[in-house]
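I have placed the structure first, in the form of structure tokens, so that the comments after it can refer back to it.
In the working numbering, the protein residues as written are 30 to 323.
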């Protein structure tokens with residue numbers, strides 16, 4: 030993520046987990062963005078090619094009847110408002126108005142305005158249900174657009190549910206976009222000594238300078254012990270290894286769970302204005318996990 034972290038309440042699978050204070054990848058406490066590393070100049074020819082992958086080990090293809098809920102065997106729905114530590118405006122709900130299958134093989138997360146300064150949206154996690162370690166992890170997504178809109182596809186270390194605090198539990202931001210940068214997405218690592226504004230990451234700009242909200246794109250990481258590469262539509266734009274954490278602990282050799290959400294407002298994206306149209310939808314075609322080929 031491109032800004033500082035903060036505490037927020039996760040309401041997931043158990044009462045204990047619901048009461049756990051965590052630091053959220055999609056939520057920031059200030060507008061200061063960390064330095065985006067020049068990934069292009071740092072990539073070797075080997076780094077720039079996507080890693081080979083093996084068998085598909087898990088996926089959610091979001092098949093189901095229009096208006097039905099996301100598969101509860103895979104997804105928890107976090108709920109609540111209060112700014113999420115980042116002065117955000119949305120209240121996350123488990124209503125089908127905010128998260129539902131569309132009947133065409135997609136999950137749709139919808140951010141809505143009540144017309145009076147209130148907003149609702151959805152935030153889904155696979156905590157304690159699907160927690161991969163290594164492989165190619167990818168999602169095909171059509172992101173929403175507009176000033177103050179903040180979609181994300183990201184991960185938190187599973188140890189956060191057993192008492193290891195953020196950032197020591199780790200965070201992998203696979204894709205984040207803030208509406209004032211329609212042509213750009215971000216990928217970032219957060220861990221002890223390199224979190225918040227000091228997160229290690231880079232930005233990827235659409236090759237034609239177009240808005241990422243215009244079409245579906247595949248956002249992925251290729252994750253191996255001590256090494257993670259980020260790609261968009263098969264174009265690798267950064268690789269990070271144990272050598273990049275500046276002598277700090279590399280905390281990414283453990284299980285992580287997925288999160289999908291759309292925030293409205295906050296210190297990094299700013300707030301909706303007269304140009305922002307609602308509802309806004311993040312449409313997710315699939316989330317998949319493939320074996321690594323080490």
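Here a beta-carbon is modelled for each residue, glycine too, at the ideal position from N, C-alpha and C.
Nothing here was measured: the structure is a model prediction, and the numbers come from that model.
Quick one: what's got a C-beta closer than 6 Å to residue i's C-beta in the same chain, skipping five residues either side?
i, result
"residue 161", "318"
"residue 197", "221"
"residue 204", "182, 214, 248"
"residue 282", "254"
"residue 308", "139, 141"
"residue 70", "For residue 70, the predicted structure reports a pLDDT of 34, less than 50, and the residue's modelled location is therefore unreliable. A value from the coordinates is still provided. Taken in chain order, the list of residues that qualify is empty."
"residue 166", "250, 318"
"residue 310", "137, 139, 173"
"residue 117", "292, 294, 295"
"residue 54", "A caution first: residue 54 carries a pLDDT of 39, below 50, which makes its placement in the model too unreliable to give a value."
"residue 219", "196, 200, 228"
Have a look at the options and flag the residue whose alpha-carbon is nearest the alpha-carbon of residue i.
i, options, result
"residue 93", "285, 131, 106", "131"
"residue 327", "279, 290, 109, 147", "There is simply no residue 327 to check, as the chain begins at 30 and stops at 323 in what is shown."
"residue 251", "243, 262, 312, 157", "262"
"residue 224", "241, 202, 206, 233", "202"
"residue 320", "119, 152, 129, 163", "163"
"residue 210", "180, 289, 107", "180"
"residue 331", "99, 274, 126, 100", "Since the displayed the chain opens at 30 and closes at 323, residue 331 lies outside it and no answer follows."
"residue 185", "300, 303, 287, 81", "287"
"residue 301", "129, 108, 147", "147"
"residue 299", "112, 97, 95", "112"
"residue 86", "244, 108, 159", "159"
"residue 290", "195, 192, 171", "171"
"residue 350", "194, 303, 246, 152", "With the chain covering only 30 through 323, there is no way to say anything about residue 350."
Whose C-beta lies closer than 7 Å to the C-beta of residue i among residues of the same chain, with five residues either side of it excluded?
i, result
"residue 315", "88, 89, 90, 91, 168, 169"
"residue 68", "Confidence in residue 68 is poor, its pLDDT being 42 and thus under 50, which makes the residue's placement unreliable; the coordinate value appears in the next sentence. Cβ within range, chain order: 231, 266, 267."
"residue 100", "89"
"residue 133", "none"
"residue 270", "255, 256"
Could you check whether the Cβ of residue i sits closer than 8 Å to any Cβ belonging to chain D?
i, result
"residue 317", "Of the protein chains in the structure, only one exists, and it is not chain D."
Give me the DSSP bridge partner(s) of residue i.
i, result
"residue 163", "Answer is none; residue 163 lacks a bridge partner."
"residue 315", "169"
"residue 309", "140"
"residue 105", "154"
Which of the three DSSP states, helix, strand or coil, is assigned to residue i?
i, result
"residue 304", "coil"
"residue 274", "helix"
"residue 297", "coil"
"residue 209", "coil"
"residue 321", "strand"
"residue 98", "coil"
"residue 279", "coil"
"residue 32", "Annotation note: pLDDT 34 at residue 32 (below 50); position unreliable, no value reported."
"residue 131", "coil"
"residue 190", "helix"
"residue 113", "helix"
"residue 156", "coil"
"residue 123", "coil"
"residue 232", "strand"
"residue 198", "coil"
"residue 224", "coil"
"residue 181", "strand"
"residue 262", "coil"
"residue 92", "coil"
"residue 285", "strand"
"residue 242", "helix"
"residue 81", "coil"
"residue 290", "strand"
Taking all protein chains shown into account, do 16 or more other C-beta atoms lie within 10 angstroms of the C-beta of residue i, making it buried, or fewer, making it exposed?
i, result
"residue 145", "exposed"
"residue 276", "exposed"
"residue 239", "exposed"
"residue 50", "The predicted model places residue 50 with a pLDDT of 28, which falls under 50 and marks its position as unreliable; any figure quoted below should be read in that light. Exposed is the call here."
"residue 190", "buried"
"residue 187", "buried"
"residue 284", "exposed"
"residue 154", "buried"
"residue 216", "buried"
"residue 303", "exposed"
"residue 129", "buried"
"residue 206", "buried"
"residue 264", "exposed"
Less than 8 Å between C-beta atoms, sequence neighbours within five positions excluded: which residues of the same chain meet that for residue i?
i, result
"residue 305", "175, 176, 177, 178, 208"
"residue 135", "91, 312, 313, 314"
"residue 212", "234, 235, 238, 239, 240, 241"
"residue 149", "119, 120, 121, 122, 124, 126, 127, 140, 141, 143"
"residue 74", "Unreliable positioning characterises residue 74 in this predicted model, as indicated by a pLDDT of 43, which lies under 50. A coordinate reading is not provided."
"residue 245", "169, 170, 171, 312, 314"
"residue 82", "164, 165, 251, 319, 320, 321, 322"
Should residue i be counted as a contact of the ligand SAH given a C-beta to heavy atom distance under 7 Å?
i, result
"residue 188", "In the structure shown, the ligand SAH is absent, as is every other ligand, since no ligand is present at all."
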